[in-house]
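Chemist: I'd like to ask you about the structure that follows.
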Amino acid sequence: MSGEADYQLRVLVRSLGAFEDFLRHRLTKVPGVANVTTSFALRPVIYKTELPSLEW
């Protein structure tokens, strides 16, 4: 992701309602949090945890 974000936070919750609760009642109450932008992945495009090899 790129753009104007200062921080990227990944949140694991049980449901969309639980995410909304986290956002409205916890994250937005943290001092210094001016605004929040959310993005959702509809499906994984590629799932890989292995780092690429650096063979030159």
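Every letter in the sequence shown is one number past the one before it in my numbering, and letter 36, counting from 1, is 351. No residue lacks a Cβ here, since even glycine has one placed at the ideal position from N, Cα and C.
1. Should residue 337 and residue 328 be called a contact, given that it needs their Cβ atoms to be closer than 8 Å?
2. So, for residue 351: in the same chain, excluding its five sequence neighbours on each side, which residues have a beta-carbon less than 8 Å away from its beta-carbon?
3. Along the chain, which unbroken stretches of the alpha helix (DSSP H) at least 4 residues long are found entirely within the region 318-368?
4. Is residue 326 near residue 334, with beta carbons less than 8 Å apart?
Modeler: Inspection of the coordinates gives the following:
1. yes
2. 338, 342, 343
3. DSSP runs (the alpha helix (DSSP H)) wholly in the region 318-368: 331-340.
4. yes
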